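*Asks:* If you scroll down you'll find the structure; I have some questions about it.
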Amino acid sequence: MASDGSPKPPLRGSEPPGAYITSGALARRLGISPTTLRSWDQRYSLGPAQRRRGHHRRWSPQDVAMVEDMCSLTASGVSPAEAARSAKKRAHAAPQGEGTPPASARSTTAALTSGKAAGRDSSGLPLGAVRAECRGLARAALRLESVAIQEQLNTFVQEHGVVAAWEELMMPTLHAVGRKWESSGDRYVEVEHLLSWHVSTALRNAQLLLGPGETRKASPPVLLACVPGEQHTLPLEAVHAALLQRGRPVRMLGAAVPAEALIAAVLRTGPAAVVLWSQTRSLASTPLALHLLGMGWGVNGARQQAALVLAGPGWRGGRIEAAAQPQGLREAIALLASESSGLSE
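Written out as structure tokens, the structure reads:
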């Protein structure tokens with residue numbers, strides 16, 4: 001499957017099924033670099049069984065199946081050394097000419113990838129006690145392997161939903177990469193950027209991955225916006241995806257929305273609620289929040305107001321009466337998914 005969720009394209013070239021393929025073609029299929037293939041060969045003897053003349057490596061269907069198995073295991077959180085041992089064992093056990101491991105070997109995958117991982121991952125990322133999928137995602141991110149990153153994210157969203165994907169996979173891995181970056185100078189910023197891009201892609205594609213929720217007709221929308229100057233949008237994108245899945249009309253304004261633009265959007269859309277996200281305390285604007293709470297529209301005697309939800313760590317430590325301040329995505333969705341416009345604590 002490609003990084004956008006579509007099936008992988010066939011290998012380039014006109015080689016018939018069963019033909020030997022080049023390292024470059026195999027790397028393109030797996031979404032890894034030829035350097036990774038060479039490294040696995042040098043470290044774990046995970047290379048083609050036969051070497052052709054001129055030292056050009058050509059991979060048989062059995063070789064390809066073995067490396068695909070290696071990628072699947074490492075992406076699921078198994079250490080490279082253990083994954084290589086398992087992949088080679090399966091390759092030797094599989095009947096000649098077949099690429100799919102037997103059922104006994106597939107059960108080994110579940111045993112290797114199940115359970116929780118504690119402490120520091122072998123990559124050095126401070127993951128702590130997390131799901132095994134976080135380890136696989138972190139390794140794929142450190143290798144900058146876009147296809148593996150997107151496949152893991154898409155699969156988790158499909159199997160567990162948006163809220164669980166955000167809380168149990170996306171956020172822990174993003175936090176670990178961020179801590180690694182902060183403690184390593186300017187290193188790993190490219191890892192965080194790539195991972196953030198693919199997390200955003202998975203969240204925006206959640207409706208395609210899960211199917212559209214049942215839309216509630218004639219229901220006022222929820223308006224999502226970052227405070228002026230705030231560039232962190234991923235948490236809001238998670239709210240957006242989760243609300244869409246629940247059939248709640250929603251409008252996403254995104255990063256750093258000027259106060260005047262936000263006020264105009266409220267008057268134009270008449271939302272049931274406004275979610276105002278702030279990552280940092282210095283950007284959390286109490287005057288803007290109070291202004292939104294005091295806004296109304298409609299004819300006299302039938303004035304309407306939007307409920308205000310202050311989300312993000314920037315609002316912690318302060319309290320604005322009449323505004324809801326949920327702790328985490330799950331609580332925010334419970335408030336916002338309600339049909340009524342009023343939000344209760």
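Residue numbers (the UniProt record's numbering): 1 to 345. Note that the Cβ used here is the ideal one computed from N, Cα and C, for glycine as well. Remember, it's a predicted structure, so these values are computed and weren't measured experimentally.
1) Can you tell me the Cα-Cα spacing of residue 71 and residue 275, whole angstroms?
2) Which value, in whole angstroms, describes the spacing of the CA atoms of residue 189 and residue 140?
3) Return the residue from the list 163, 221, 22, 284 that minimises the CA-CA distance to residue 210.
4) Please report how far the alpha carbon of residue 200 lies from the alpha carbon of residue 40, in whole angstroms.
5) Would you call the stretch 261-273 and the stretch 289-300 touching, i.e. three or more CB-CB distances under 8 Å?
6) DSSP three-state call for residue 295: helix, strand or coil?
7) Buried or exposed for residue 279, please, with buried defined as at least 16 other CB atoms from any protein chain shown within 10 angstroms of its CB.
8) Could you check how far apart the C-beta atoms of residue 49 and residue 63 are, in whole angstroms? I think they sit under 8 Å.
9) Which residues does DSSP pair with residue 276 in a beta bridge?
10) Taking only beta-carbon positions, decide if residue 268 is within less than 7 Å of chain B.
11) In the DSSP output, what is residue 304 paired with across the bridge?
12) In the DSSP assignment, what are the bridge partners of residue 251?
13) Using a Cβ-Cβ cutoff of less than 6 Å, which residues in the same chain neighbour residue 170 once the five nearest sequence positions on both sides are dropped?
14) Is residue 320 helix, strand or coil when you go by DSSP?
15) So residue 188 is in the alpha helix (DSSP H); what residue range does that whole segment cover?
16) Taking its Cβ as the centre, do 16 or more other Cβ atoms sit within 10 Å of residue 240, making it buried, or is it exposed?
17) Can the beta-carbon of residue 311 be found closer than 7 Å to that of residue 284?
18) Quick check on residue 418: does DSSP put it in helix, strand or coil?
19) Would you kindly work out how many angstroms separate the C-alpha atoms of residue 290 and residue 219, rounded to a whole number?
20) To the nearest angstrom, how far is the alpha carbon of residue 23 from that of residue 57?
21) Along the chain, where does the alpha helix (DSSP H) that runs through residue 136 open and close?
22) With H, G and I counted as helix, E and B as strand and the rest as coil, what does DSSP make of residue 233?
23) Return helix, strand or coil for residue 263, following the three-state DSSP convention.
*Replies:* Result, derived from the coordinates:
1) 40 Å
2) 15 Å
3) 163
4) 30 Å
5) yes
6) coil
7) buried
8) 6 Å
9) 225, 310
10) Any reference to chain B falls outside this structure, which holds one protein chain only.
11) 297
12) 223
13) 199
14) coil
15) Here residue 188 belongs to no alpha helix (DSSP H), and DSSP marks it neither H nor E.
16) buried
17) no
18) Not covered by the structure: residue 418. The range shown for the chain is 1 to 345.
19) 25 Å
20) 7 Å
21) 132-142
22) coil
23) helix
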